[in-house]
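Since the structure comes first, as C-alpha cells, the remarks are kept for the end.
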Amino acid sequence: MANLTWKTFKGIPLALTLVWIAGFAAALHFMDKSVIAFLGILSSIVLIYYTNTSKAIKMVIGAAVLLIVIPLVAGENRYYMEVASQVGIYVAMALGLNIVVGFAGLLDLGYVAFFAAGAYAYAIFSTSQANEFIAGNLFPLSGEWFWPFLIVGLIVAAVFGVLLGLPVLRVKGDYLAIVTLGFGEIIRIIFNNLDKPINITNGPQGITPIPSPELFGIKMGTPFFFYFIVLFVIAFIVLANIRFEHSRLGRAWIAVREDELAAQSMGISLLNTKLAAFATGASFAGVVGVIFAAKQTFIDPTSFTLMESIGILVMVILGGSGSIPGVVLGAAFVTILQVQLLKEFSNFLHSLQQSGIINLPNQLDPSKFQRLIFGIMLILAALYRPNGLIPAKRKKNDLDAIKASDYGKEKLGILGKLSQLASGKQS
Amino acid sequence: MALLEAKNLTKRFGGLVANQDVSISIEKGSITAVIGPNGAGKTTFFNMITGFYEPDEGEILLNGKSIKGLRPDQIASRGITRTFQNIRLFKEMTALENVMVGVHSRLSAGLLGILFNTKRVRVEEEKARVEAYQLLEYVGIAHIANEAAGSLPYGLQRRLEIARAMATNPEIILLDEPAAGMNPRETVEMTDFIRKLKRELDLTIILIEHDMKLVMGLSEYIHVLDYGRKIAEGTPEQIRNNPNVIEAYLGKSASEVS
C-alpha cells in the first residue's frame, strides 16, 4: 500500500515548497534560536528535490535558498553557519566515498586518511611547521595560499589514493575492508609519530595556528565566510560527481561493482578503474581537508580516527549507496543528528530534569542517549529503507533524442557492415 | 592462416587436468562448435582463449600473433568477445547502458575529459548511445532500452548479452551455451539469429552448446572434447557418425549399436 502511494506520488506542488521556505525563513528570522526553524529551512532542500517542476526551476530555488535565504536569516548566528559548514564538509566526503563504495563497490574503511592528507598538507605549509624540514625560512605561507592549496590538497590526497589502491587491488570484499581500515589507522599513527627524527607533523601536539583564507587582503575566517567557501567547493564536487556518473568511467565503475568477470570481458581494465575510483574519491576528501584545517585553525591526529571513517560510511549507506542525492541527504542527516539534534535533545532533557519536572536515574542520563538514538535510527533505516533514504536509480535515457540524433543516420560499430548488403534492412 | 589458433593447450588445476593438448583452429567467418559431455573442459578452453586462465602449456595465436598471457580486457580490445553460460549482465544498469559498457574499449574519454565535459567526450558519448540503441534494435529489444537489465525476462537477457558483446565490435564471438534454458521454439529463433550474425556481419562464431539440434543445424565444423582431450573433429555429418563421439556421450554399448 505504501509502495503504491509512493509510485503515484507526482511531486510536491511548487506552491507548497515556496510557502514552506518562506514560512521557516520568517520563523528563523524572528526566532533566532529556534532549532526547528533552522531544520525547516535545511529540509526545504529535500522538498525542492521532490517538487513537481522543471529541473532548472529547482536549481534556481535551491541556489536561492542556499546562497540568499540562509545567509540572510541565519548569517549572524555563528552556530548555524558553523553547523551548515560542517554539514557541507561531510557532504563532500560522503560524495567522495560514494564513488569508492557506491559506484565501484570497493569497501573502504579508511577513508579519513585522505581527509587527513589534505588537512596536513595545508597545515604544514601554512604554518612555520614546514621550516622544521625545509631550509630557508620560507614559511609560513599566508592565507592567500589557501586557494591554490585546495588543488594541492586534492593532488596529495589523490596520490595517497593511488598508493593505497595499488597494493589492495587484488583483495576483495571483507579483506579489502580490513586492509583499508588498517591503512586509515596507519596513516593516523604515522602522523602521530612523524615528529622525530624530522618534525614533519608535530606529532600528537598538532599544528597551529593555521591561517584563515585570504582574498585580496580580506581575511575570511568567520563561519559566515566558511559557509560560502564550503558551498563553492561542494558545487564543484557535486557537478564532478554527476559528470562521472553518466560517463564511460562511471559505467566502468558500476560494471566492476556488478560483475568483474563480465566487465573485463568488455575491455574494462580492473586496475585502472579501481585506481581511478580510489584517486577520485580521495581527492574530494583532500580538498575539504584543506578547508577543515583552515576552519579549525588547529589540527591533530585525533581528528582523523577510525570512527570518522565509519561515520562517513554510515552516511553513504544510510543515504543510499551509489545515489548522489541520497548520500547528500545521508551526510546532512547524520551530521545534523550528531552535531545538533542529539545535543539539543539532551539539553532539553537536562533542563527538564533541573526544573524538577522529571527525575531520571543516572543510567538514563541524556548524554548517553545520543549513541542509543543514533543506533535506533540506523536500525530503523536498515529495516524500512534498506536501499537508503534515496536509493540509487539509473537515469532513463531520452530514447526519442537518440532516435533523432544525427549520428544515427548511418549504422555505427559492427552494424556498419550491414551497409555492405544491397537491401535496406532495418530491424 | 586461420584467424584463431589454439595449439596444444594444457591446463591443470592441481591434480585435475582440465585440458590436455587441445589444438583447435578457427577459420575466419566460420561457425565452429566445441562440444562434449559435462566436465569435458569446454569452458576451460573458452577461459583460456579469453584470458581468464593462463595455459600451462601451449600457445594461442590471433591472426598469427600470440595472445597467451594477456589480460581479459586486453584480449577483448583485440577483438575477441564472449557471452556467458549463466548470463552475466550488469543488473542494476539499464539495457542501453549495458550495451554502452560494451563500447568501453573503443571510447577514449578519460578523467579530465569527463570532468570538463569536452566536446570530444560529448560527441563520443552520443555516438555510443546511438550505437547501443541500434544494436538493441538489431537484436529486437529496443523497446526495453530503459529497463533495468536484471528485471528482464530470460530470453531478452540472453539477447541483451549478445548485443553487449557485439558492441565491442569483435572479430570473434564466443557463445557459451546460447540456447541454455530455452524451449524448442526459442532455440530455433536463436539458431536463426546466430546464422544472421554470421551472414550479415561477417562474424566468426565459436559455440559451446549441448543442444545437438542447434549444433548440427548451425555448425560448419565441430570439435569434440572429452575428459580434457580432443577426441574428434569434423563436419556435422562426420561427427554424427563418429564412434568415439557416440561412445563419449552415450557409453560403449551405444557406439557398438551404430
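The listed protein sequences correspond, in order, to chains A and B.
Position 201, counted from 1, in the first sequence is what our numbering calls 201; the numbers after and before it change by one each time, with no gaps.
With positions in the second sequence counted from 1, the corresponding number in our numbering is that position plus 1000.
Backbone N, C-alpha and C define an ideal beta-carbon position, used for all residues, glycine too.
Check this for me: beta carbons of residue i and residue j, under 8 Å apart or not?
i: TYR407 of chain A; j: GLU1126 of chain B; result: yes
i: VAL290 of chain A; j: PHE191 of chain A; result: no
i: ILE234 of chain A; j: GLY11 of chain A; result: no
i: ALA1006 of chain B; j: VAL1022 of chain B; result: yes
i: GLY102 of chain A; j: ALA392 of chain A; result: yes
i: GLN264 of chain A; j: PRO1072 of chain B; result: yes
i: LEU1218 of chain B; j: ILE1031 of chain B; result: yes
i: ILE1206 of chain B; j: ILE1246 of chain B; result: no
i: ILE210 of chain A; j: ALA293 of chain A; result: yes
i: LEU1160 of chain B; j: ILE1141 of chain B; result: yes
i: VAL1224 of chain B; j: GLU1233 of chain B; result: yes
i: GLU1259 of chain B; j: HIS1210 of chain B; result: With chain B covering only 1001 through 1258, there is no way to say anything about residue 1259 of chain B.
i: LYS219 of chain A; j: GLY143 of chain A; result: yes
i: LEU1156 of chain B; j: ALA240 of chain A; result: no
i: LEU352 of chain A; j: ALA1145 of chain B; result: no
i: PHE226 of chain A; j: SER85 of chain A; result: yes
i: ILE207 of chain A; j: GLN129 of chain A; result: yes
i: GLY1228 of chain B; j: GLN1020 of chain B; result: yes
i: GLY319 of chain A; j: LEU389 of chain A; result: yes
i: PHE133 of chain A; j: ILE189 of chain A; result: no
i: LEU275 of chain A; j: LEU176 of chain A; result: no
Quick check: is the beta carbon of residue i nearer than 8 Å to any beta carbon in chain B?
i: LYS274 of chain A; result: no
i: ARG385 of chain A; result: no
i: LEU249 of chain A; result: yes
i: MET59 of chain A; result: no
i: TYR407 of chain A; result: yes
i: SER265 of chain A; result: yes
i: GLY413 of chain A; result: yes
i: SER427 of chain A; result: In this predicted model, SER427 of chain A has a pLDDT of only 45, less than 50, meaning its place in the structure is not dependable; the value taken from the coordinates is given anyway. Judged by the 8 Å Cβ criterion, SER427 of chain A is in contact with chain B.
i: ALA262 of chain A; result: yes
i: ALA252 of chain A; result: yes
i: LEU169 of chain A; result: no
i: LYS417 of chain A; result: yes
i: ALA255 of chain A; result: yes
Taking the DSSP output, what are the residues bridged to residue i?
i: VAL1224 of chain B; result: B:ILE1035, B:ALA1232
i: LYS1007 of chain B; result: B:GLU1059
i: LYS219 of chain A; result: A:GLU214
i: PHE1013 of chain B; result: B:LEU1016
i: VAL1022 of chain B; result: B:LEU1009
i: LYS1065 of chain B; result: B:LEU1062
i: ILE207 of chain A; result: A:ILE299
i: THR1094 of chain B; result: B:ALA1148
i: THR1168 of chain B; result: BP columns for THR1168 of chain B are empty, so no partner.
i: ILE45 of chain A; result: None; ILE45 of chain A has no bridge partner.
i: ILE1246 of chain B; result: DSSP lists no partner for ILE1246 of chain B.
Along the chain, where does the alpha helix (DSSP H) containing residue i start, and where does it finish?
i: LYS58 of chain A; result: 55-64
i: LEU302 of chain A; result: Going by the sequence as given, residue 302 of chain A is Thr instead of Leu. Taken as a continuous stretch (DSSP letters only), THR302 of chain A belongs to no alpha helix (DSSP H), as it is neither H nor E.
i: LEU1135 of chain B; result: 1119-1139
i: ILE414 of chain A; result: That residue, ILE414 of chain A, is in no alpha helix (DSSP H); it is neither H nor E in DSSP.
i: LEU1201 of chain B; result: 1184-1201
i: ASN192 of chain A; result: 173-193
i: GLU76 of chain A; result: Element bounds for GLU76 of chain A: n/a, residue is neither H nor E.
i: MET31 of chain A; result: MET31 of chain A -> no alpha helix (DSSP H), and no H or E assigned at all.
Step through the CB atoms of chain A and report whether any lies within less than 8 Å of the CB of residue i.
i: LEU1135 of chain B; result: yes
i: PHE1013 of chain B; result: no
i: PRO1055 of chain B; result: no
i: PHE1045 of chain B; result: no
i: GLY1069 of chain B; result: no
i: VAL1130 of chain B; result: yes
i: LYS1042 of chain B; result: no
i: THR1050 of chain B; result: yes
i: GLY1102 of chain B; result: yes
i: THR1094 of chain B; result: yes
i: GLU1138 of chain B; result: Residue 1138 of chain B is actually Tyr in this sequence, not Glu. So yes, TYR1138 of chain B belongs to the interface.
Following the continuous beta strand (DSSP E) through residue i, name the residue where it begins and the one where it ends.
i: ARG1082 of chain B; result: 1080-1082
i: LEU1207 of chain B; result: 1204-1208
i: ILE1173 of chain B; result: 1172-1176
Could you list the residues in the segment 236-248 of chain A with a C-beta less than 7 Å from some C-beta on chain B, going in chain order? ALA240, ARG243, PHE244, SER247, ARG248
Any C-beta of chain B within less than 8 Å: which residues of the segment 268-299 of chain A qualify? ILE268, SER269, LEU270, ALA276, THR280
Between the segment 1156-1183 of chain B and chain A, which residues of the former have a C-beta closer than 9 Å to a C-beta of the latter? GLU1161, ARG1164, ALA1165, MET1166, ALA1167, THR1168, ASN1169, PRO1170
Residues of the segment 1108-1119 of chain B in Cβ contact with chain A at a cutoff of 7 Å, in chain order, please. ALA1109, LEU1111, ILE1114, LEU1115, ASN1117
Counting only Cβ-Cβ distances shorter than 7 Å, please list the residues of the segment 390-402 of chain A near chain B, keeping chain order. ARG394, LYS396, ASN397, LEU399, ILE402
Using Cβ-Cβ distances below 7 Å, what residues of the segment 1184-1204 of chain B are close to chain A? Answer in chain order: GLU1200, LEU1201, ASP1202.
Could you please tell me which residues of the segment 26-41 of chain A, in chain order, have their CB closer than 9 Å to any CB of chain B? Residues passing the 9 Å Cβ filter: none.
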